[in-house]
Amino acid sequence: MRLLLVRHPAPEIAKGVCYGQLDVPLHRNSEADILAVVDSVRCCRVAKVWSSPSSRCLIPAQAVAASTRARLQVDERLQELHFGEWEGLRWADVPRSELDRWAADPLGFAPPGGETGLALQTRTSDLMRTIIEEAVGCAVISHGGPLKILHALACGATPDLLAPPPPFGGIIALTVGPHAGEQRQRDGFRDH
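Okay, so the sequence shown: first residue is 4 according to the working numbering, each after it adds one.
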């Protein structure tokens with residue numbers, strides 16, 4: 004089964020700001036980025052488009068679904084990590100001691116009022132099980148955190164919550180399922 008992991012285009016927010024589950028819009032000139040995502044996904048013939056409810060994901064997901072005539076499924080499990088009281092702060096203003104605690108235990112630590120990495124991983128893993136059970140080619144348009152987890156799970160690796168996210172508008176094409184290796188070779192895809 005073909006699985007496309009798509010990170011939303013760049014949002015309209017200053018660099019260095021923590022925005023997690025804040026509904027930050029896409030940057031003002033995002034039309035070309037959305038069209039690039041649509042063009043890339045269209046050639047892969049997906050039957051379903053999964054999207055985070057955040058507008059920065061939902062807008063390109065709606066465009067992809069309309070262009071490909073794929074069914075759109077908005078799912079809260081695709082939301083970014085909830086950073087609690089850190090949301091809207093500049094990363095430079097988050098106390099260094101808290102950032103160090105997060106780096107030391109990304110699965111167990113939760114920012115004040117936020118969620119743990121384990122909670123993010125649990126809900127994202129649950130979604131991956133749903134995707135595999137449905138067994139239809141799909142595109143998943145989401146955020147860096149969930150996409151890192153989905154990518155690792157699709158490759159049979161342990162998710163690294165502190166790894167760099169895919170670039171804005173980036174697409175990772177994978178094949179998952181019982182005969183994934185054979186299908187990858189036929190399709191010419193490489194795992195990333």
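Heads up, the beta-carbon is just placed ideally off N, CA and C, and yes, glycines get one too. This one's a predicted model, so the numbers in the text were calculated from it and none came from an experiment.
Roughly how far, in whole angstroms, is the beta-carbon of residue i from the beta-carbon of residue j, given that I think they are within contact range, below 8 Å?
i, j, result
"Q24", "H85", "5 Å"
"T127", "R80", "6 Å"
"V9", "I144", "5 Å"
"G180", "A138", "7 Å"
"T178", "R5", "6 Å"
"A122", "V49", "Not really, about 28 Å apart at Cβ, beyond 8 Å."
"P56", "L29", "Not really, about 14 Å apart at Cβ, beyond 8 Å."
"G140", "P169", "Contact flag wrong, Cβ pair sits at about 19 Å."
Distance, Cα to Cα, residue i vs residue j?
i, j, result
"P14", "E118", "22 Å"
"L38", "R72", "15 Å"
"G172", "R104", "30 Å"
"R45", "R93", "37 Å"
"L102", "S33", "31 Å"
"L153", "A113", "20 Å"
Please go through the same chain and pick out, in chain order, the residues whose beta-carbon is closer than 7 Å to the beta-carbon of residue i, but skip the five residues on each side of it.
i, result
"L75", "V52, S54, A64, Q65 and A68"
"L165", "A106 and P109"
"S43", "I174"
"L130", "D78, R80 and L81"
"S100", "none"
Let me know the secondary structure DSSP gives residue i once reduced to three states.
i, result
"K51", "strand"
"R74", "strand"
"P14", "strand"
"C141", "strand"
"A166", "coil"
"V9", "strand"
"V31", "With the sequence shown as reference, residue 31 is identified as Arg, and Val is not the correct amino acid for it. Three-state DSSP puts R31 in coil, outside helix and strand."
"V40", "helix"
"T178", "strand"
Starting from the C-beta of residue i, find all residues in its chain whose C-beta is less than 8 Å away, skip the five residues before and the five after it, and write them out in chain order.
i, result
"A95", "G19"
"G91", "V20, C21, Y22 and L25"
"T161", "A155"
Starting from the Cα of residue i, find the closest Cα among the options and give me that residue.
i, options, result
"P167", "K151, A176 and L156", "K151"
"P98", "E83, A155, C21 and G147", "C21"
"E83", "P115, P149, R31 and R45", "P149"
"I134", "A157, P114, P115 and D103", "A157"
"P115", "R93, R45, R132 and W89", "W89"
Less than 6 Å between C-beta atoms, sequence neighbours within five positions excluded: which residues of the same chain meet that for residue i?
i, result
"L61", "S54"
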